[in-house]
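Student:
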Amino acid sequence: MRPNALIAQWQDGKSATNCWLTLGDPSVAEIMAHQGWDSLTVDMQHGQADFAAMRAMLTAISTTKAVPLVRVPWNEPGTIMRALDAGAYGVICPNVDTREQCEQVVGACRYAPQGYRSVGTSTMRAVLYAGSDYISHANATVLAIVQIESAKALNNLADIAGVPGLDMLFVGASDLSLSLGREVRADSSDPIVVEAIDAILAAAKKAKLRTATFCHSVDYARAMMAKGFDLVTVTSDQGLIASGSSLSAQFADRSE
17 MRPNALIAQW QDGKSATNCW LTLGDPSVAE IMAHQGWDSL TVDMQHGQAD FAAMRAMLTA
77 ISTTKAVPLV RVPWNEPGTI MRALDAGAYG VICPNVDTRE QCEQVVGACR YAPQGYRSVG
137 TSTMRAVLYA GSDYISHANA TVLAIVQIES AKALNNLADI AGVPGLDMLF VGASDLSLSL
197 GREVRADSSD PIVVEAIDAI LAAAKKAKLR TATFCHSVDY ARAMMAKGFD LVTVTSDQGL
257 IASGSSLSAQ FADRSE
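Under my numbering, the residues of the sequence shown are numbered 17 to 272, in order.
Okay, structure coming up:
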């Protein structure tokens, strides 16, 4: 089976980068995949990709060494299994608040006896991408990732982090801020939010899990790597287009 390059990178003691894909366009995904990111995430929760677009985006990403991840819309086992069948090497599930919800996510990511993921080799793109021995090695290769983004999840951190087969806690800072009664800010420095982020990081390290977070700037991403995060989302396809367009508009204003 094709190895998961993120796992190898972490085993070498290195943090990894990620770019968020929100536009649902395979051509954009392919362009982004060729820019040197360690991984890319197809966002099906707040992005524009449906299943067909997501599958096409994963195919586009596979023209490179970038590791393909998918954020599913919700904790629905069938959707998780379809994302993995399409070739995702990791599934990010939003709004996981309890151990039971986490067990549902992990179970959908793992074949028996570790979970209840269904086998469907005749329709699986994952076998084409990963290799004919996919089913034998998938449990140890694909990543089960849950987002911690509520006060309830914070209260249940130890129980969630203790679920067997879980690989990573992903900080959902925006929803977490709202849940804690704080203002949503990009790359928040709010002490209450920072304390919550540090608690998630500490719980993950205690449970020997990896950690991830979403950043809005290179400087903040570097700071989160220094803090100990294993995977940092630095920007998004939408953000890069907007920032590039803004620079072009500023140039046009100066040239008049």
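Just so it is clear, CB atoms sit at the ideal spot from N, CA and C, and this is done for glycine as well. This one's a predicted model, so the numbers in the text were calculated from it and none came from an experiment.
1) Comparing C-alpha positions only, which one of Ala128, Val112, Met184 and Tyr127 sits nearest to Ala167?
2) Please classify Met184: does DSSP put it in a helix, a strand, or coil?
3) Would you give the residue range spanned by the alpha helix (DSSP H) that Arg238 belongs to?
4) How would you call Gln27, buried or exposed, if buried means at least 16 neighbouring beta carbons within 10 angstroms?
5) Could you spell out the range, first to last residue, of the alpha helix (DSSP H) harbouring Ala212?
6) Would you mind sorting Thr116 into buried or exposed? The rule is 16 or more other CB atoms within 10 Å of its CB.
7) May I ask which residues mark the beginning and end of the beta strand (DSSP E) holding Asn155?
8) Taking C-alpha atoms, which residue in Thr114, Thr75 and Cys118 lies nearest to Ala99?
9) Taking the runs of the alpha helix (DSSP H) that are 4 residues or longer, which of them lie wholly in the segment 90-168?
10) Taking the straight line between their C-alpha atoms, what separation do you get for Leu144 and Ala24?
11) Excluding the 5 residues flanking Gln130 on each side, which residues of the same chain have their C-beta closer than 7 angstroms to its C-beta?
12) Please go through the same chain and pick out, in chain order, the residues whose beta-carbon is closer than 7 angstroms to the beta-carbon of Gln203, but skip the five residues on each side of it.
13) List the residues that DSSP assigns as beta-bridge partners of Ser274.
14) By alpha-carbon positions, which one of Tyr132, Glu165, Glu199 and Ala128 ends up nearest to Ile108?
15) Verify whether the separation of the beta carbon atoms of Leu194 and Val200 is less than 9 angstroms.
16) From the DSSP secondary-structure annotation, give me the bridge partner or partners of Phe230.
17) Does the ligand SAH have even one heavy atom less than 8 angstroms from the beta-carbon of Arg115?
18) What does the alpha-carbon distance come out to for the pair Ala228 and Ala128?
19) In chain order, what residues of the same chain have a beta carbon less than 7 angstroms from the beta carbon of Asp183, not counting five sequence neighbours either side?
20) Considering Cα atoms alone, identify which of Met60, Ala177, Thr80 and Met73 is closest to Trp90.
21) Taking the beta carbon of Phe67 as the centre, do at least 16 other beta carbons fall within 10 Å, making it buried, or is it exposed?
22) For a quick check, are the C-beta atoms of Ala215 and Leu247 less than 9 angstroms apart?
23) Let me know the secondary structure DSSP gives Leu225 once reduced to three states.
24) Take Ala104 as the anchor and find which of Leu192, Ala223, Val88 and Val135 has the nearest alpha-carbon.
25) Can you find a CB in chain C that lies within less than 9 angstroms of the CB of Gly260?
Tutor: With the given structure in hand:
1) Among Ala128, Val112, Met184 and Tyr127, the Cα nearest to that of Ala167 belongs to Val112.
2) The answer is strand: DSSP assigns Met184 an E or B state.
3) Here the alpha helix (DSSP H) through Arg238 covers Val234 to Lys243.
4) Gln27 is exposed by the Cβ-count criterion.
5) It spans Pro207 to Lys222 - the alpha helix (DSSP H) in which Ala212 sits, taken as one unbroken run.
6) Looking at the sequence provided, one finds Glu at residue 116 rather than Thr. Exposed, by the Cβ-count rule.
7) For Asn155, there is no enclosing beta strand (DSSP E); the residue is part of the alpha helix (DSSP H) that begins and ends at Tyr150 to Thr157.
8) Residue Thr75 holds the alpha-carbon nearest to the alpha-carbon of Ala99 among Thr114, Thr75 and Cys118.
9) Runs of the alpha helix (DSSP H) inside the segment 90-168: 93-101, 115-125, 141-146 and 150-157.
10) Straight across, the Cα-Cα distance linking Leu144 with Ala24 is about 21 angstroms.
11) The beta carbon of Gln130 sits closer than 7 angstroms to those of Asn155 and Gly181, all from its chain and outside the five residues before and after it, given in chain order.
12) Just to set this straight, residue 203 is Asp in the shown sequence, not Gln. Only residues of its own chain outside the window of five on either side were considered, and among them Cys231, His232, Ser233 and Tyr236 have a CB closer than 7 angstroms to the CB of Asp203, listed in chain order.
13) This structure cannot speak to residue 274, because the chain is shown only from 17 to 272.
14) For the set Tyr132, Glu165, Glu199 and Ala128, the Cα lying nearest the Cα of Ile108 is the one of Glu165.
15) The answer is yes: Cβ separation under 9 angstroms.
16) As computed with DSSP, Phe230 is found in a beta bridge with Thr249.
17) Absent from the structure shown: the ligand SAH. Ligands present: none.
18) Their Cα atoms are separated by approximately 27 angstroms.
19) Contacts found: Leu159, Ala160, Ile161, Leu225 and Arg226.
20) It is Met60.
21) The residue is exposed, with fewer than 16 neighbouring Cβ atoms inside 10 Å.
22) Leu247 sits away from Ala215, with the two beta carbons spaced by 9 angstroms or more.
23) Reduced to three states, the DSSP call for Leu225 is coil.
24) Closest in alpha carbon position to Ala104, among Leu192, Ala223, Val88 and Val135, is Val88.
25) Of the protein chains in this structure there is only one, and it is not chain C.
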